[in-house]
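Here is the structure we will look at.
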Amino acid sequence: MGVSNSIFFRRVNAIRDEYNGRRRGTHLDRDPQTTPTRYARSFIINGSKMRYPLPLNADEEKSWLEDLQHYLARHLWQNNFSSPIENLLRRGARVLDLGCGTTTWSFEMAKDYPKSKFSVVDFAPIPTNKHVKNIEFFQHNHGDLPFEDNTFDLVFVRLVGLSEEEWKDVLKDSYRITSAGGWIEFMQMDSRFSNCGPHLEKWNDMVASSDSTCDKLEDLLLKRNFPNLRHEVAIVPIGSWGKKTGELLFAYMRHLLCKVKSEISQPGIIDELDEIMERADQECAQHKTYGSLHRTTRSAMSGDTSTIISELPYFKCHYIPL
Numbered sequence: 001m002g003v004s005n006s007i008f009f010r011r012v013n014a015i016r017d018e019y020n021g022r023r024r025g026t027h028l029d030r031d032p033q034t035t036p037t038r039y040a041r042s043f044i045i046n047g048s049k050m051r052y053p054l055p056l057n058a059d060e061e062k063s064w065l066e067d068l069q070h071y072l073a074r075h076l077w078q079n080n081f082s083s084p085i086e087n088l089l090r091r092g093a094r095v096l097d098l099g100c101g102t103t104t105w106s107f108e109m110a111k112d113y114p115k116s117k118f119s120v121v122d123f124a125p126i127p128t129n130k131h132v133k134n135i136e137f138f139q140h141n142h143g144d145l146p147f148e149d150n151t152f153d154l155v156f157v158r159l160v161g162l163s164e165e166e167w168k169d170v171l172k173d174s175y176r177i178t179s180a181g182g183w184i185e186f187m188q189m190d191s192r193f194s195n196c197g198p199h200l201e202k203w204n205d206m207v208a209s210s211d212s213t214c215d216k217l218e219d220l221l222l223k224r225n226f227p228n229l230r231h232e233v234a235i236v237p238i239g240s241w242g243k244k245t246g247e248l249l250f251a252y253m254r255h256l257l258c259k260v261k262s263e264i265s266q267p268g269i270i271d272e273l274d275e276i277m278e279r280a281d282q283e284c285a286q287h288k289t290y291g292s293l294h295r296t297t298r299s300a301m302s303g304d305t306s307t308i309i310s311e312l313p314y315f316k317c318h319y320i321p322l
């Protein structure tokens with residue numbers, strides 16, 4: 001793949017380091033094929049060597065588009081979770097999927113780890129008629145989850161739209177119900193795209209929140225006594241310049257646009273959103289626009305966790321091969 005002079009492939013990230021009160025500049029370079037770096041991991045391009053390749057035909061692509069957030073995230077990391085809990089899952093663990101959405105993640109995990117038990121919670125009615133013996137479903141709000149203390153070995157929260165106060169409730173309850181030695185994992189898409197042209201900046205201003213949920217979440221974790229965080233970011237191109245992956249994310253943008261338009265009554269704003277999407281792909285290619293998907297992992301183990309956490313880098317970036 002080689003090192004590119006693109007701002008996407010080589011940039012300096014100022015990463016907040018709350019542990020020593022300074023800001024650390026980290027150079028993230030695009031490295032030769034499969035060469036590991038301290039902060040980045042290159043994927044093997046050949047889809048046959050990937051556990052979770054991109055869709056190979058029209059039927060697979062249709063399936064992806066039904067739950068693009070899940071399948072794209074799984075492809076970016078080549079796994080369904082980052083917490084080091086694989087062995088326990090194979091032996092039998094208790095897992096909570098909080099904010100499950102389409103439930104695709106839970107059904108895949110239940111199939112991969114049949115000895116583990118999965119509790120699936122969403123704030124809205126859960127859209128599934130499937131019944132699997134190691135999955136139980138709950139409809140419940142974000143606070144006061146109906147579980148005893150120290151119940152789960154893994155609490156997984158992803159892609160949920162919550163206010164700051166609601167996040168505080170979720171963090172408090174997540175810590176309460178996670179067993180000593182268990183893991184808590186959060187996954188969120190940055191609401192704002194990076195390296196945008198003028199029309200995509202309008203998209204950021206109109207559709208995205210003014211502050212990044214990902215930045216807020218990490219601050220809240222640290223303030224609520226969640227030390228020893230592991231933070232991973234998947235960087236994914238948007239639009240045709242990113243080939244198949246970028247085209248899929250662009251399709252997801254169109255999906256978001258349709259949802260936004262359905263809630264807008266002013267014709268002028270709808271026309272402006274249509275113009276943004278009409279020009280967006282060309283701008284994405286010109287400016288190398290990309291999105292960021294974040295995972296934050298924390299052990300709930302009491303006492304000294306330095307040995308475990310030292311094996312988990314504070315910050316790691318995954319680039320998507322072109």
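Mapping of the sequence shown onto full-length UniProt numbering: position 227 corresponds to residue 227, and the numbering continues sequentially without gaps.
Note that CB positions come from ideal geometry on N, CA and C, so glycine has one too.
Around Asp169, the same chain offers His142 and Gly143 as residues with beta carbons nearer than 7 Å, after the five sequence neighbours per side are excluded. Between Phe156 and Leu88, the CB-CB gap reaches or exceeds 8 Å. Restricted to the UniProt domain "Methyltransferase" (95-182), the beta strand (DSSP E) segments that are unbroken, complete and at least 3 residues in length are 117-122, 135-139 and 152-158, listed in chain order. Straight-line measurement puts the Cα of His231 at about 29 Å from the Cα of Gln286.
Taking a cut-off of 8 Å on C-beta distances, the segment 233-250 touches the segment 273-285, as three or more cross pairs fall below it. If you check the CB distance, Phe107 and Lys130 come in under 8 Å. When DSSP reads this structure, Met187 sits in a beta bridge with Arg158 and Arg295. Proximity of the segment 251-263 to the segment 58-70 meets the contact definition, three or more beta-carbon pairs being nearer than 8 Å. In this chain, the beta strand (DSSP E) harbouring Ala234 covers Arg230 to Pro237.
When beta bridges are read from the DSSP output, Ser194 appears opposite Tyr290. Considering only Arg90, Met206, Val95 and Val233, the residue with the shortest C-alpha distance to Lys261 is Met206.
When only Cα atoms are considered, Leu222 and Tyr175 end up about 13 Å apart. The continuous stretches of alpha helix (DSSP H) do not include Met50, and DSSP gives it neither H nor E.
Beyond the five residues adjoining it in sequence on each side, Ile276 comes within less than 6 Å, by CB distance, of His199, Lys202 and Trp203 in the same chain, given in chain order. Taking the Cα positions, Asp274 is about 33 Å away from Phe186. Taking 8 Å as the cut-off, the beta carbon of Arg91 is found no closer than this to the beta carbon of Thr151.
Leu229 is the residue among Ile238, Glu164, Cys196 and Leu229 whose C-alpha sits nearest the C-alpha of Ser82. The beta carbon of Leu162 sits closer than 7 Å to the beta carbons of His142 and Val170 from its chain, once the five residues preceding and following it are set aside; these are given in chain order. One alpha carbon belongs to Ile270, the other to Lys111, and they sit about 43 Å apart.
Arg279 and Val236 have their alpha carbons spaced roughly 19 Å apart. Distances from the alpha-carbon of Phe193 to those of Phe123, Val121 and Gly291 put Gly291 closest. Burial is judged here by how many other beta carbons sit within 10 angstroms of a residue's own beta carbon; His140 has fewer than 16 and is exposed.
Our two residues, Asp219 and Trp77, have alpha carbons roughly 24 Å apart in a direct line. With fewer than 16 other CB atoms across the displayed protein chains lying within 10 angstroms of its CB, Gln266 is exposed. If you ignore the 5 residues before and after Leu96, its C-beta comes within less than 6 Å of the C-beta of Ser119, Phe152 and Val155, all in its own chain and listed in chain order.
Using a 10 angstroms sphere on the CB of Ala180, the tally of other CB atoms stays under 16, which defines it as exposed. Take Ser63, set aside five residues on each side of it, and the residues of its chain with a beta-carbon closer than 8 Å to its own are Pro55 and Tyr71, in chain order.
Annotation: Glu263 is outside any alpha helix (DSSP H) and is labelled neither H nor E by DSSP. Taking a 10 Å sphere around the C-beta of Arg51, we find fewer than 16 other C-beta atoms and assign the residue as exposed.
Taken through DSSP and simplified to helix, strand or coil, Gln282 comes out as helix. Relative to the Cα of Glu136, the nearest Cα in the group Asp190, Leu159, Val160 and Thr103 belongs to Thr103. Cβ-Cβ separation between Leu217 and Trp167: approximately 7 Å, consistent with a contact (criterion under 8 Å).
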